[in-house]
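For the protein sequence lines, the chains are P and X, in the order given. Following this note's numbering, the numbering of the first sequence begins with 1 at its first residue and continues without gaps. Following this note's numbering, the numbering of the second sequence begins with 1001 at its first residue and continues without gaps. Don't be surprised by glycine CBs; every beta carbon is placed ideally from N, CA and C. No experiment lies behind these values; they were computed from the predicted model shown.
Protein chains: 2
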Amino acid sequence: MKFKINKRDLSKHISIVQKAISTRTTMQILEGILLKAKDNKLTLIASDTEITVNTSVSAIVIEEGEIVINSRLFGDIIRKLPDDTIHIEVLNSNMNIKCLNSEFNIQCQPSDEYPDLPKIDEIVNVKLKGFEFKEAIRKTSFAVSYDETRVAFTGVLMDIKENEINFVALDGFRMALKKIIINSTESVSSIVPARSLNELIKIIEDDSQLNISIGKNSMKFDFQDTTFYTTLLSGEFFKYDGLIRENHSTVVEIAKNIFQDALERASLLAKEDKANLVKLNVKENEIEITSNSEIGNVEEIVSSKVDGEPLKIAFNSKYLLEGIKIIDSEKISLNFTDSINPCIIKEDDENYIYLVLPVRLAN
Amino acid sequence: MKFKINKRDLSKHISIVQKAISTRTTMQILEGILLKAKDNKLTLIASDTEITVNTSVSAIVIEEGEIVINSRLFGDIIRKLPDDTIHIEVLNSNMNIKCLNSEFNIQCQPSDEYPDLPKIDEIVNVKLKGFEFKEAIRKTSFAVSYDETRVAFTGVLMDIKENEINFVALDGFRMALKKIIINSTESVSSIVPARSLNELIKIIEDDSQLNISIGKNSMKFDFQDTTFYTTLLSGEFFKYDGLIRENHSTVVEIAKNIFQDALERASLLAKEDKANLVKLNVKENEIEITSNSEIGNVEEIVSSKVDGEPLKIAFNSKYLLEGIKIIDSEKISLNFTDSINPCIIKEDDENYIYLVLPVRLAN
């Protein structure tokens, strides 16, 4: 194997493929990147068995070949080389890397031990824009469960119905739901590990065209010169639609930033307590937020437009805040039924819903 | 106690005084900030017994008084309040904090349990500019020892002689020395804990005028509205002047960045090994840098101006790199005697010296 390649190009594509390298793999070969030089293209492949990434970049290939090279060392070397043409040649199991006055010789491994790429039994194909997909993941994946005994809830549900995808994450205390309108007549429901999605959105550009192929046990994302595979989670997801009421007895319209700041201050005292408890007293034209702990108490008043009945309700401030922080719009609405049913928080555009369960108080 | 104060001013001075708050104190009162309101000034004091900071800020004092308030909670609350006037009133052991629509009530402690400020038996007084002092600490404090059994070497020596201060740090493998020219006729040598200095340089502004009062067991730094006290370390420091030879058999002039980059690449392989070993082969017009490990080898050539004998010498790349990274000048000189004596690295202006011991090789 012998090829020449631009330093910046190689460096960029190593970073892409490294998203699939796990630091805790038990298979030594998976600490490496599989390099394939062919047809004036260098293909880089890495996998941790859950995530697999395959990406290609232009190179001048003088002699075709395949090899596996330690990912961390190869990445560190290439990133630190000067910004010039890199010459790479592999003979037997030695990789020679030359760039201006630098020369490395690194042991590598044969490519035939490297596992095959996943195969997808393709069922449904969906197209999305990069920025849409990234927003949907950013607004939902933080709400998954970290409880490994309920594996399905550690993933984000991608629920494809006629003309829409619902991205749903929940952990028993709150739920985040983002809807995207698409052109599709098919229906399929898959649970994607949140970890995979969080790595994936790091390498998708906002203006990428995303082609998603959904199979039974795995999902494939094609964009630019890269393919990202992830395994899917098995198990039953929660029937999330049943949670979303349409009618509410109290609807509050409130400035997002002012409400968030007041909640953050109130939660400084809530944090002193295990329950993170903040109490909301919804009055005629304002919400009063209070919190008590051994060390003191706090009262915050936020003026707001209130339609419906006054209400007293209590929350774990962490769950309330995490959903509000992620919202981009200036105004949000808080929709209450009573003090024991969930509060539904909506954004301006109504395609994002965040639902929080209240904490029941003794009285 | 009752006063009004601007949010930004208070917030800034809390950050200054918090440099002396330790998270691991055993004295509960030292988790607090001592506040004194008097003469339209609020004074904030904090201490971890090694470091004590005292800083003052303008306030409208309606009723004088003193109180101790939990540092972390007070800081978090003030930082998150809106950018407006803050009203603070203390009654009995309750602090009431009001700002626009926010109101906090926090438990606090009486001030009479708070320890007194350190007293300095003043011996010598020195004036320095903020940026000079910060540079001297930045260029030396990284080289102190972390070996708590040799306490004196965990500090930076401030060695004041006629018309100069030498800042010296060493750990048995390397030494960093920065000289500053001053106006002084006095002589005194103090060892200042590196931790104190590293906290201190975070709150000194570049254009501050620094007034340093040096006592037997403690040192005091006055600048703007702030006084910073630190205890001194006892014990004998190394006779550092003896290490610095004036004559060298091989002097290399080399571009700092190119040499540093080449060393960093070579140390990628050195890191695979415990000794971090890089070998330098000083030739007629260049230095060849090599390193070997089980996984491979590297060779780097850096052209340079060499005066004197060719030389082969080996170093722990970590110690070599740390000293070179900290240098700002474009060119540096490497001064060798032979392969078993220290290499002295000098900056352009010659007021900074970094000395590294070589690693003796078997042959």
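For residue i, the three-state DSSP class (helix, strand or coil)
i	result
residue 1061(X)	strand
residue 1202(X)	helix
residue 291(P)	strand
residue 87(P)	strand
residue 1144(X)	coil
residue 239(P)	coil
residue 1078(X)	helix
residue 359(P)	coil
residue 11(P)	helix
residue 244(P)	coil
residue 1366(X)	Here chain X covers residues 1001 to 1363 and nothing more, so residue 1366(X) does not appear.
residue 1119(X)	coil
residue 5(P)	strand
residue 137(P)	helix
residue 132(P)	helix
residue 1056(X)	strand
residue 113(P)	helix
Opening and closing residue of the beta strand (DSSP E) in which residue i lies
i	result
residue 1155(X)	1155-1161
residue 1283(X)	Taken as a continuous stretch (DSSP letters only), residue 1283(X) belongs to no beta strand (DSSP E), as it is neither H nor E.
residue 1107(X)	1102-1107
residue 256(P)	Here residue 256(P) belongs to no beta strand (DSSP E); instead the alpha helix (DSSP H) covers 256-270.
residue 46(P)	41-47
residue 33(P)	32-38
residue 1124(X)	1124-1129
residue 1095(X)	1094-1099
residue 1029(X)	Careful: residue 1029(X) lies outside any beta strand (DSSP E) and carries neither H nor E.
residue 344(P)	343-346
Interface flag, residue i vs chain C, CB-CB below 7 Å
i	result
residue 8(P)	No chain C appears in the structure shown, which is made up of the protein chains P and X.
Range of the contiguous alpha helix (DSSP H) that encloses residue i
i	result
residue 1275(X)	Looking at the DSSP string, residue 1275(X) is not in any alpha helix (DSSP H), and its letter there is neither H nor E.
residue 1424(X)	The question about residue 1424(X) has no answer here: the residues shown for chain X are numbered 1001 through 1363.
Pair within 7 Å by beta-carbon distance, residue i and residue j
i	j	result
residue 20(P)	residue 42(P)	no
residue 196(P)	residue 253(P)	no
residue 34(P)	residue 68(P)	yes
residue 302(P)	residue 287(P)	yes
residue 214(P)	residue 188(P)	yes
residue 221(P)	residue 210(P)	yes
residue 1140(X)	residue 1167(X)	yes
residue 1130(X)	residue 1194(X)	no
residue 1199(X)	residue 1179(X)	no
residue 173(P)	residue 361(P)	no
residue 347(P)	residue 327(P)	yes
residue 121(P)	residue 216(P)	yes
residue 1269(X)	residue 1249(X)	no
residue 1051(X)	residue 1230(X)	yes
residue 118(P)	residue 218(P)	yes
Cutoff 6 Å; reference residue i; Cβ partners in own chain excluding five residues on either side
i	result
residue 201(P)	134, 137
residue 1106(X)	1095
residue 310(P)	282, 283
residue 36(P)	43, 66
residue 212(P)	126, 221
residue 45(P)	34, 54
Proximal residues to residue i (C-beta, below 8 Å), its chain only, five neighbours per side dropped
i	result
residue 1324(X)	1256, 1259, 1260, 1263, 1332, 1345, 1354
residue 1318(X)	1267, 1276
residue 1359(X)	1275, 1277, 1314, 1315, 1316
residue 4(P)	59, 60, 62, 85, 86, 87, 88
residue 1031(X)	1021, 1025, 1070, 1071, 1072
residue 290(P)	266, 278, 279, 281, 297, 298, 299, 300
residue 108(P)	32, 67, 68, 69, 70, 90, 93, 94, 95
residue 244(P)	177, 344, 353, 355
residue 146(P)	154, 171
Neighbourhood of residue i by C-beta distance below 7 Å, restricted to the same chain and skipping five residues each side
i	result
residue 1113(X)	1029
residue 1010(X)	1057, 1078, 1086
residue 152(P)	191, 233, 235, 236, 237
residue 16(P)	53, 55, 203, 226
residue 40(P)	58, 59, 60, 61
Next on the checklist: Which runs of the beta strand (DSSP E) at least 3 residues long sit entirely within the region 1294-1334 of chain X? Give them in chain order.
Outcome noted: Counting whole runs of 3 or more residues, the region 1294-1334 of chain X contains the beta strand (DSSP E) stretches 1296-1303, 1305-1308, 1311-1316.
Checklist entry - What are the start and end residues of each continuous beta strand (DSSP E) run of 3 or more residues lying completely inside the region 1165-1237 of chain X, in chain order? => result 1174-1181, 1188-1193, 1209-1214, 1218-1223, 1226-1231
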